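First up is the structure itself, then whatever we jot down about it.
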Amino acid sequence: MNCNYFTRLTGSKRKLLALLASSAVFMAGCANMATTATSSNSLDVAAAIGGRVHGGNQPVGGAVVNLYYAGQTGMGSGDPSAGPGLGAPILAATTTSANDGTGSFSFIQDPINGETTTGNTFSCPVNNPIVYVVARGGNTLNTQDSSVNNAASVFIGVYGLCNQIANSSFIDLSEVTTVATMAALQQYFNPGTESIGADGIAASKQALVNSIATISNLVNLATGTARSASQISSQSAYFGNGATAVTVTATPDTAKINQLANIISACVNNAAASASACTTLFANATPPNVSTTSRPYHAPAFAPATDVLQAVYYMLTNPTNGGTTNLQNLFSLSPALGAPYQPTLSTAPTDWTISITYSSNSTCGTNNGNFIYKPQALSIDVNGNVWMSNGQAGTGNLTEISASGVPTTCLPLGASRGAAIDTLGNVWYASTDSNNIYRYSPGTTPGVPQALLAFPTTQTPLAVAADGSGNVYFSTVADTSLYEIPAAATATAVVAPVQISSVLGPLPISLMADKTGSIWASSGSNFVSRVTTGNVGDPNYLNGFSTTAFNTLDSTYGIAVTQSNGVFVSSNGTSSALSYLTGSGVSYATTPGWPTAAGLGGINTPESVVLDGAQNVWTANNSNDSVSGMDTISEISIFGVSLTPNGTTNGGLQQSSSFSGGRSIIIDQSGNVWIAGDGTSGNPSNFVTEIVGTGVPIYQPYALGLSNTRFQTVP
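In case it helps, mature numbering (1 follows the signal peptide of the UniProt record, and there is no 0) puts the sequence shown at residues -33 to -1, 1 to 682.
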């Protein structure tokens, strides 16, 4: 093994001595390179980071390995001089993978930030960007012949925030690492420049950081192999939140990850990009429609792939690849025998989306209820954490996992069908066991201490929603009503709920506020209602509010409000479709071209419905496809064009693990699509599913977006 990594050092004598000391330590262990961090970088000692490039069954020598800083001027951004969302990758350092039988490479981090860097030495900029690495070209045949250079071979991995990179950080740049990284970061990737970027501040940067944390649930970065499952335990910092001794198991689509890795490996393990496996890959990895992605304004269309990194991006962002023929052609690139990554798929999937199932058999809280049991409703807070209302009768809990699956909160509040997050980050929970609406303040918002407050109700609460002004609303079944808790977000004591509508219908299971402060409600019947401030004499006037009903599909269930106050509604009854209402005030009607045709996008008894940042419409289906036997989700554009396979036999996006009757769906700031299903009475579900990076990121929570003009927009 060639350990002569550090041939070019620059800077003062003090830094030179630090670099030499660091390199001596790193080289002493080069035969068994460190893969995990033991301590943070000292300000006085340089850090050595590295990895290896490995394609299929063999190392890659002679690859150009570039260390980059993620752009901070928008999704997929690079050099800021090119404008928001544009620009070539920002180079931090460069080196070449060694012809040493392992494809090793390394970089040196200058201990002083803001320094000018050269060669394989880098210095963290003051804006603390995310650092990622790309290996391009090289000899992928392991023949040590420098004349061999497969330009289609491109690998990617992420080290993390620059000021948090630990000494001896190591990444095995394999096809699996590349697939996992692209799955998690696909919404932040520019296929034209092959750069990664986001806004450099606040919500967008946090969302990108959250995406990076997801990568480790898909792949072991030290070995470059797909994970089969990861045990994620609660941490002592969260024990005060009731999550003591809770464990969550993260189970990814291992076989599908390996299948994708084997497909691109078929191209990588050739002498040149002109090999038939490469041309087949590029011809069948069909680019998505730009308008449905996170980059709708930067190019009229995506160019065909010319390397495996672009091809993986296209396979993930257009997961059906334009039809079953293309998908089968891609699947067939992986050999039936001898594929480098195992286990793999035995037959072609219906799509290339990658999911992670987060399950738990742990109990928690003073009632000893399950951490996850029949999850009914999902909410996302400003930090990307996922909150679940669980339907376990008598012992149901309000629970929370972090964006990467760490169990963080468990509160014994009883069974629930609804929850919401207000403008201050308080979590509202409708307990059907105690007839209370609970407000839980996690203590993560400045000036709002951790606390729990119960608001008694006279009726059993069902759905909950928060508007942009700090008010909270809940629906009830027995009296078909909507109640308001005014100024609920800032209330210092219990406030009596005010009944503001009594005509919502038999099952108002979905509520959502719009930009005018009006509340939309499904009915369980053939109409939806808009409740808004009114005057005496208005139809259905009650306590300062009036209610207007608009006829639509039967058995209305899910509600999703657009930026322009349009309303998508789902029918889980005979119609089994989505409809779209537009208008204003008391005049709303079904938009021409709607409702959806039978089975469009695989729609099959749709329930919860949400939008992503490109205004694509997503729904969780509650009926199994008749041939596959799986539950599915469906995606269509705001123009009613299917973005997932049509039909109810093998339609929609299907995952290897069933959703157990899709009940709730939500999209987070990173573009992950989360689904919950309650299962059956004999087999209640104990998990939620995350489809990694497949939606366009959207600002969360909804109420905060309503208050700061970010509602239903990309973060």
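In this text, a Cβ means the ideal position worked out from N, Cα and C, and glycines have one as well. This structure is a prediction, so every number in the text was calculated from the model and none was measured.
Using a Cβ-Cβ cut-off of 8 angstroms (strictly less than) and excluding sequence neighbours within five positions of valine 93, which residues of its own chain qualify?
-> The sequence position of residue 93 within the sequence shown is 126, counting from 1. The answer, listed in chain order, is Asn80 and Gly81.
Extent of the continuous alpha helix (DSSP H) to which tyrosine 264 belongs = Here the question's residue 264 lines up with position 297 in the sequence shown. Per DSSP, tyrosine 264 belongs to no alpha helix (DSSP H) and is neither H nor E.
From the DSSP output, which residues share a beta bridge with arginine 497?
-> For the purposes of this step, residue 497 is taken as the residue at position 530 of the sequence shown. According to DSSP, arginine 497 bridges with Trp487 and Thr515.
Where glutamate 82 sits in the DSSP three-state scheme | Here residue 82 corresponds to residue number 115 of the sequence shown, with the count starting at 1. DSSP places glutamate 82 outside both helix and strand once states are collapsed to three, so it counts as coil.
Could you please give the first and the last residue of the uninterrupted alpha helix (DSSP H) stretch that includes tyrosine 35?
-> Looking up residue 35 in the sequence shown gives position 68. Looking at the DSSP string, tyrosine 35 is not in any alpha helix (DSSP H); the run it does join, the beta strand (DSSP E), is 31 to 36.
4-residue-minimum alpha helix (DSSP H) runs that sit fully inside the stretch 321 to 352, ordered along the chain = Whole alpha helix (DSSP H) segments, 4+ residues: zero.
Decide if asparagine 109 is buried, meaning its Cβ has at least 16 other Cβ atoms within 10 Å, or exposed.
-> Position 142 of the sequence shown, counting from 1, holds the residue named residue 109. By the 10 Å Cβ count, asparagine 109 comes out buried.
Which residues DSSP lists as bridging aspartate 139, in chain order | Numbered from its first residue, the sequence shown carries residue 139 at position 172. Partner(s): Arg19.
Distance between beta carbons of isoleucine 179 and isoleucine 75, contact taken as under 8 angstroms | For the purposes of this step, residue 75 is identified with residue 108 of the sequence shown, where counting begins at 1. For the purposes of this step, residue 179 is identified with residue 212 of the sequence shown, where counting begins at 1. About 22 angstroms; that fails the 8 angstroms criterion.
Span separating the alpha-carbon of asparagine 285 from that of proline 271 = Sequence index remark: in the sequence shown, residue 285 carries index 318 (1-based). Sequence index remark: in the sequence shown, residue 271 carries index 304 (1-based). Approximately 13 angstroms, taken between the alpha carbons.
From proline 263 to valine 257, what distance separates their C-alpha atoms?
-> As a working note, residue 263 is residue 296 in the sequence shown. As a working note, residue 257 is residue 290 in the sequence shown. Linking proline 263 to valine 257 through their CA atoms gives a straight-line distance of about 5 angstroms.
Could you tell me which residues DSSP pairs with serine 442 in its beta bridges?
-> The residue given as residue 442 occupies position 475 in the sequence shown. Residue pairing by DSSP places serine 442 opposite Leu449 in a beta bridge.
Which listed residue (Ala581, Gln39 and Leu509) has its alpha carbon closest to that of leucine 471 | As a position in the sequence shown, residue 471 is number 504, starting the count at 1. It is Leu509 whose Cα lies nearest to the Cα of leucine 471.
Mapping DSSP to helix, strand and coil, what is threonine 145?
-> Stepping through the sequence shown from its first residue, residue 145 is reached at position 178. In the three-state reduction of the DSSP assignment, threonine 145 falls in the helix class, which pools H, G and I.
Is there contact here, the stretch 628 to 640 with the stretch 303 to 319, by at least three beta-carbon pairs under 8 angstroms?
-> The stretch 628 to 640 is not in contact with the stretch 303 to 319.
List the whole-angstrom C-beta distance separating leucine 419 from alanine 386, where the pair is believed to meet the contact cut-off of C-beta under 8 angstroms.
-> Here the question's residue 419 lines up with position 452 in the sequence shown. Here the question's residue 386 lines up with position 419 in the sequence shown. About 14 angstroms; that fails the 8 angstroms criterion.
Per-residue DSSP class, three states only, for threonine 586 | Residue 586 sits at position 619 when you count from the first residue of the sequence shown. DSSP, reduced to helix, strand and coil, places threonine 586 within a strand of the structure shown.
Nearest-angstrom Cα separation, counted from tyrosine 325 out to serine 652 | The count along the sequence shown starts at 1 and reaches residue 652 at position 685. The count along the sequence shown starts at 1 and reaches residue 325 at position 358. Approximately 11 angstroms between the Cα atoms of the pair.
Which term fits alanine -6, buried or exposed, when burial requires 16 or more other beta carbons within 10 angstroms of its beta carbon?
-> Residue numbering aside, residue -6 sits at position 28 when the sequence shown is read from its first letter. The predicted position of alanine -6 is uncertain, since its pLDDT is 32 and thus under 50; no value can be drawn from it.
How do the stretch 215 to 222 and the stretch 158 to 166 stand: do at least 3 beta-carbon pairs fall below 8 angstroms, yes or no?
-> The stretch 215 to 222, when compared against the stretch 158 to 166, does not touch it at the 8 angstroms Cβ threshold.
Length-filtered (3 minimum) beta strand (DSSP E) runs lying within the stretch 167 to 204 | The stretch 167 to 204 contains these whole beta strand (DSSP E) runs: 197 to 200.
At least 3 beta-carbon pairs within less than 8 angstroms: the stretch 389 to 405 vs the stretch 357 to 375 | These segments touch.
With proline 379 and glycine 332 assumed to form a contact (beta carbons below 8 angstroms), what rounded beta-carbon distance in angstroms separates them?
-> Position 412 of the sequence shown, counted from the start, is the residue given in the question as residue 379. Position 365 of the sequence shown, counted from the start, is the residue given in the question as residue 332. Indeed they touch by this definition, with Cβ atoms about 3 angstroms apart.
Where phenylalanine 422 and asparagine 95 are concerned, what is the direct C-alpha to C-alpha distance, given to the nearest angstrom?
-> Within the sequence shown, residue 422 is the residue found at index 455, counting from 1. Within the sequence shown, residue 95 is the residue found at index 128, counting from 1. Going by C-alpha positions, phenylalanine 422 is about 43 angstroms away from asparagine 95.
What is the rounded straight-line gap between the Cα of proline 310 and the Cα of methionine 282?
-> Your numbering for residue 310 matches position 343 in the sequence shown. Your numbering for residue 282 matches position 315 in the sequence shown. Answer to the nearest angstrom: the Cα atoms are 20 angstroms apart.
Excluding the 5 residues preceding and the 5 following glycine 579 in the sequence, name in chain order all residues of the same chain whose CB lies nearer than 6 angstroms to its CB.
-> One-based indexing of the sequence shown puts residue 579 at position 612. First, the amino acid is wrong: residue 579 is aspartate here, not glycine. The answer, listed in chain order, is Ile634, Gly662, Val663 and Ile665.
Can you name, in chain order, every residue of its own chain whose Cβ lies under 6 angstroms from the Cβ of tyrosine 555, other than the five neighbours on each side?
-> Along the sequence shown, one-based indexing puts residue 555 at 588. Take tyrosine 555, set aside five residues on each side of it, and the residues of its chain with a beta-carbon closer than 6 angstroms to its own are Phe517 and Leu548, in chain order.
Residues near glutamate 367 by beta carbon distance below 6 angstroms, same chain, minus five either side | Here residue 367 refers to the residue found at position 400 when the sequence shown is read from its first residue. Around glutamate 367: Asn352, Trp354, Thr375 and Thr376.
Note down, in chain order, each residue of its chain lying with its Cβ closer than 6 angstroms to the Cβ of valine 681, except the 5 sequence neighbours on either side.
-> Position 714 of the sequence shown, counted from the first residue, corresponds to residue 681. Gly580 and Pro664, listed in sequence order.
Counting pairs of Cβ atoms below 8 angstroms between the stretch 312 to 331 and the stretch 243 to 256, do you hit three or more?
-> By the Cβ criterion, the stretch 312 to 331 is not in contact with the stretch 243 to 256, since fewer than three pairs of Cβ atoms, one from each stretch, lie closer than 8 angstroms.
So what does DSSP say about methionine -1, is it helix, strand or coil?
-> Against the sequence shown, residue -1 aligns to sequence position 33. Per-residue confidence for methionine -1 stands at a pLDDT of 31, beneath the threshold of 50, marking its modelled position as unreliable; no derived number is given.
In angstroms, rounded to a whole number, what distance separates the CA positions of threonine 69 and proline 26?
-> In the sequence shown, residue 69 corresponds to position 102, counting from 1. In the sequence shown, residue 26 corresponds to position 59, counting from 1. The alpha-carbon atoms of threonine 69 and proline 26 are separated by roughly 5 angstroms.
Residue range of the unbroken alpha helix (DSSP H) whose run includes serine 674 | Looking up residue 674 in the sequence shown gives position 707. Its alpha helix (DSSP H) spans residues 669 to 674.
Taking all protein chains shown into account, decide if isoleucine 168 is buried (16 or more other Cβ within 10 angstroms of its Cβ) or exposed.
-> Taking the first residue of the sequence shown as 1, we reach residue 168 at position 201. With fewer than 16 Cβ atoms within 10 Å of its Cβ, isoleucine 168 is classed as exposed.
Could you name the residues of the same chain whose beta carbon sits closer than 6 angstroms to that of glycine 358, not counting the 5 residues immediately before and after it, in chain order?
-> Indexing the sequence shown from 1 puts residue 358 at position 391. Around glycine 358, the same chain offers Lys341, Gln343, Ala382 and Asp645 as residues with beta carbons nearer than 6 angstroms, after the five sequence neighbours per side are excluded.
At what residues does the alpha helix (DSSP H) containing phenylalanine 298 begin and finish?
-> Within the sequence shown, the letter at position 331 stands for residue 298. 291 to 298 is the span of the alpha helix (DSSP H), which, as asked, contains phenylalanine 298.
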